[in-house]
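**Student:**
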Amino acid sequence: MSEKISISRSHFADCISNDLVGSDICIAGWIEDVRDIGKLGFVSMRDFTGIMQVIVAGDLLGEIRMIPRQSCVLVEGKVQRSKAKNVEVEIKANKISLLSKANHPLPIDPTGRVESSTDKRIDSRALDLRNPKVSAIFRLRSTALQSIRNFLRSRRFVEVTTPKIIGTSTEGGANLFRCDYFGKNAYLAQSPQLYKEQLTVGLERVFEIGPYFRAEKSHTVRHLAEFTSVDVEAAFHDYTDVMKIVADLVRKVIYDLLQQCPDDLKLTREKIAEPHTVASSNPDEIGHRMEEIFGISDNIVADTFALKIEQVTYEKAINELKGVGEPLSFGDDLSDTALRKLGDLHKGFYFITDWPMKLKPFYIHEKEKHPELSCSFDLQYGYLELVSGGRRQHDPEKLKNRIVEQGLDPGGFEDHLKAFQWGMPPHSGWGLGFDRLMMVLTNSQNVREVVLYPRDAERLRP
Ligand code: AMO
Numbered sequence: 002m003s004e005k006i007s008i009s010r011s012h013f014a015d016c017i018s019n020d021l022v023g024s025d026i027c028i029a030g031w032i033e034d035v036r037d038i039g040k041l042g043f044v045s046m047r048d049f050t051g052i053m054q055v056i057v058a059g060d061l062l063g064e065i066r067m068i069p070r071q072s073c074v075l076v077e078g079k080v081q082r083s084k085a086k087n088v089e090v091e092i093k094a095n096k097i098s099l100l101s102k103a104n105h106p107l108p109i110d111p112t113g114r115v116e117s118s119t120d121k122r123i124d125s126r127a128l129d130l131r132n133p134k135v136s137a138i139f140r141l142r143s144t145a146l147q148s149i150r151n152f153l154r155s156r157r158f159v160e161v162t163t164p165k166i167i168g169t170s171t172e173g174g175a176n177l178f179r180c181d182y183f184g185k186n187a188y189l190a191q192s193p194q195l196y197k198e199q200l201t202v203g204l205e206r207v208f209e210i211g212p213y214f215r216a217e218k219s220h221t222v223r224h225l226a227e228f229t230s231v232d233v234e235a236a237f238h239d240y241t242d243v244m245k246i247v248a249d250l251v252r253k254v255i256y257d258l259l260q261q262c263p264d265d266l267k268l269t270r271e272k273i274a275e276p277h278t279v280a281s282s283n284p285d286e287i288g289h290r291m292e293e294i295f296g297i298s299d300n301i302v303a304d305t306f307a308l309k310i311e312q313v314t315y316e317k318a319i320n321e322l323k324g325v326g327e328p329l330s331f332g333d334d335l336s337d338t339a340l341r342k343l344g345d346l347h348k349g350f351y352f353i354t355d356w357p358m359k360l361k362p363f364y365i366h367e368k369e370k371h372p373e374l375s376c377s378f379d380l381q382y383g384y385l386e387l388v389s390g391g392r393r394q395h396d397p398e399k400l401k402n403r404i405v406e407q408g409l410d411p412g413g414f415e416d417h418l419k420a421f422q423w424g425m426p427p428h429s430g431w432g433l434g435f436d437r438l439m440m441v442l443t444n445s446q447n448v449r450e451v452v453l454y455p456r457d458a459e460r461l462r463p
């Protein structure tokens, strides 16, 4: 009968320190590198917390030579002080168990020594995540989600879950995915817009973090067919109130990432296709890093600083763009080129407010004194639109008229309009493109870098 191989470890890489010198431990992970100097082998072994140096000698050296790199192994051994300059302690192996062999040639090199295109890396995403610079992005993503949830709950928002298979378009437009729903037409939700507004009737402040679907034909670095959005809706709030909420939320997320994952943030500033270097952390540098990384020059006092975000009205933006040669007039939407020019004029985060009503969806409220303008805003980071939001029309008659004006069928909005007869409070909200926020936070130029398995017009797998 063959010997039963243990699959559980005693220590993670980031728990192995001087205190353990002389102890017998068991580690698990993947072989990244083997430096063979004849009588000794220096093995770099990685787990999800970091890298370990394993020393192999005698018969084990023959065994390790037979194991292909990136194979999954379990090593038992004794912790000892290391003579190497950049390694404090190492593990002198006395048993190596091969748990799962990596078949070569591998489709990509997860160490980053050999560069691969984003597309190729996504084709082998599970393996790509062994590159610490890639996995850092997804650890940061997880922390950012947690931070957003904590922040919104601290402001008494209730997390909700609304349907993703729906009967009517929420945002209008042609970019709806249609599907067959037991013989009827159904659509994949473009946003939770109608539900989140209805829910203010009973819950007042709601938020949802979920996947939304848009049949985006344009192939850009910021559009996906499936994206994650953070949606907020709050009763008795004007659009300026929810702008403040989003500014506070972005500030909180940046602060939490700098405090909780400074090393991962630092890794995202390095090129993915470069051998991994160990990042150093010093939490006292948080203020300095805010400035360095995000171009934010606020003075940070513990966790209480306010992130002041510049506000530019749509009208001012149009005038600025005319000044730099963009042939625009009032009422025109801002093209990609225009947004890139505007991003050159306003670095970092800024709001564009008070858009013309004609550019906004039916549910947006007009400004009382200037009904051609809307109570609306976008939050930008340079050229990139991160958030769009506004005050909503809560008068059922006016809302119905807007639906008709925009060429939509009010019959399709019956359920929605019904809720407006039950004491609908004035309310405002926004939708934040979470993937785009992650692009900014991780210094990624393509949204596909921050989404594990992106979906676009060309990609439906893996
Ligand atoms: P909007 O359509 O502007 O507004 O979407 C909100 C935010 O979602 C992100 N986003 C996308 N991200 C990646 N790929 C896409 N195809 C994509 N489409 C949108 C953007 C955008 O700013 N219901 C309103 C929000 C509201 O008013 O509450 C809405 O959906 O970052």
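To convert a position in the sequence shown, counted from 1, into my numbering, add 1.
Where a beta carbon is used, it is the ideal one built from N, C-alpha and C, also for glycine.
All figures in this text were calculated on a predicted structure; none of them were measured in a lab.
Report the CB separation of F435 from V231 in whole angstroms; it is logged as a contact under 8 Å.
**Tutor:** 5 Å
**Student:** Could you compute how far the alpha carbon of G314 sits from the alpha carbon of W356?
**Tutor:** Residue 314 is actually Thr in this sequence, not Gly. About 8 Å.
**Student:** My understanding is that V243 touches G430, with C-beta atoms under 8 Å, so please give their C-beta distance in whole angstroms.
**Tutor:** 6 Å
**Student:** Cα separation between K96 and D15?
**Tutor:** 21 Å
**Student:** Buried or exposed, going by whether 16 or more other CB atoms sit within 10 Å of the CB of D257?
**Tutor:** buried
**Student:** Is the beta carbon of Y384 closer than 9 Å to that of D457?
**Tutor:** no
**Student:** For W31, does the count of other Cβ atoms within 10 angstroms reach 16, so buried, or fall short, so exposed?
**Tutor:** buried
**Student:** Thinking C-beta only, is N447 closer than 9 Å to T119?
**Tutor:** yes
**Student:** Using the Cα positions of E116 and R122, report the straight-line distance between them to the nearest angstrom.
**Tutor:** 10 Å
**Student:** How would you write the range of the alpha helix (DSSP H) that D257 sits in, first residue to last?
**Tutor:** Y240 to Q261
**Student:** Is the beta carbon of L387 within less than 8 Å of some heavy atom of the ligand AMO?
**Tutor:** yes
**Student:** Could you check the C-alpha separation between F139 and R126 for me, to the nearest Å?
**Tutor:** 12 Å
**Student:** Taking buried to mean at least 16 other C-beta atoms within 10 Å of its own C-beta, is D304 buried or exposed?
**Tutor:** The predicted model places D304 with a pLDDT of 49, which falls under 50 and marks its position as unreliable; any figure quoted below should be read in that light. D304 comes out exposed.
**Student:** Using C-beta distances below 7 Å, list every residue in its chain close to R437, excluding the 5 sequence neighbours before and after it, in chain order.
**Tutor:** R223, L385, L387 and V448
**Student:** Between the alpha carbons of F331 and I353, how many angstroms are there, rounded?
**Tutor:** 14 Å
**Student:** On the criterion of 16 or more Cβ atoms from any shown chain inside 10 Å, does I6 qualify as buried, or is it exposed?
**Tutor:** Counting other Cβ atoms within 10 Å of its Cβ, I6 stays below 16 and is therefore classed as exposed.
**Student:** Could you check if V207 belongs to the surroundings of the ligand AMO, using beta carbon to heavy atom distance under 8 Å?
**Tutor:** no
**Student:** Since E217 contacts N176 with CB under 8 Å, what's their CB separation in whole angstroms?
**Tutor:** 6 Å
**Student:** Taking the alpha-carbon positions, what's the L195 to L189 distance?
**Tutor:** Their Cα atoms are separated by approximately 14 Å.
**Student:** Specify, as a first and last residue, the run of the alpha helix (DSSP H) that F435 falls within.
**Tutor:** Boundaries of the alpha helix (DSSP H) harbouring F435: F435 to L442, taken from the DSSP string.
**Student:** Can you give the Cα-Cα distance for K237 and R392, rounded to whole angstroms?
**Tutor:** Going by the sequence as given, residue 237 is Phe instead of Lys. Straight-line Cα distance between these residues: approximately 10 Å.
**Student:** In the DSSP assignment, the beta strand (DSSP E) including T314 goes from what residue to what residue?
**Tutor:** E311 to T314
**Student:** Please go through the region 73-129 and give each complete beta strand (DSSP E) segment of 3 or more residues, from N-terminal end onward.
**Tutor:** Within the region 73-129, the runs of beta strand (DSSP E) at least 3 residues long that lie entirely inside it are, in chain order, 73-82 and 90-101.
**Student:** Could you tell me which of G51, E33 and R460 sits nearest to V44, measuring between CA atoms?
**Tutor:** Taking only the C-alpha atoms, the option nearest V44 is E33.
**Student:** Using only the heavy atoms of the ligand AMO, determine whether one of them is closer than 8 Å to the beta carbon of L409.
**Tutor:** no
**Student:** Give me the Cβ distance between R47 and R131, rounded to the nearest whole Å; I'm assuming they're in contact under 8 Å.
**Tutor:** 7 Å
**Student:** Between the Cα of A169 and the Cα atoms of Y240, R462, E415 and L433, which residue gives the shortest distance?
**Tutor:** It is Thr, not Ala, that sits at residue 169 in the sequence shown. If we check each option's Cα against that of T169, E415 comes out closest.
**Student:** Take E227 and list the residues in its own chain whose beta-carbon comes closer than 6 Å to its own, dropping the five residues that flank it on each side.
**Tutor:** P212, F214 and R456
**Student:** Can you tell me the Cα-Cα spacing of R142 and D265, whole angstroms?
**Tutor:** Distance between R142 and D265, taken at the CA atoms: about 11 Å.
**Student:** So, with DSSP's three-state summary, where would you put N283?
**Tutor:** Caution is warranted here: a pLDDT of 48 is assigned to N283, below 50, making its placement in the model unreliable, and the coordinate value is therefore given only provisionally. DSSP places N283 in coil when its eight states are reduced to three.
**Student:** Would you call the CB atoms of F350 and A248 closer than 9 Å?
**Tutor:** yes
**Student:** DSSP three-state label for D345, please.
**Tutor:** Note: D345 maps to helix in three-state DSSP.
**Student:** Would K272 be called buried (16 or more neighbouring beta carbons within 10 Å of its own) or exposed?
**Tutor:** exposed
**Student:** Would the C-beta of R373 count as close to the ligand AMO, meaning under 8 Å from any of its heavy atoms?
**Tutor:** It is worth fixing the name first, because residue 373 is Glu in this sequence and not Arg. No, since every heavy atom of the ligand AMO falls outside the 8 Å radius drawn around the Cβ of E373.
**Student:** Going by other Cβ atoms of all chains shown within 10 Å of its Cβ, with 16 needed for buried, is A94 buried or exposed?
**Tutor:** Buried.
**Student:** What residue from S9, L461, L433 and F13 has the CA that sits closest to T229's CA?
**Tutor:** L433
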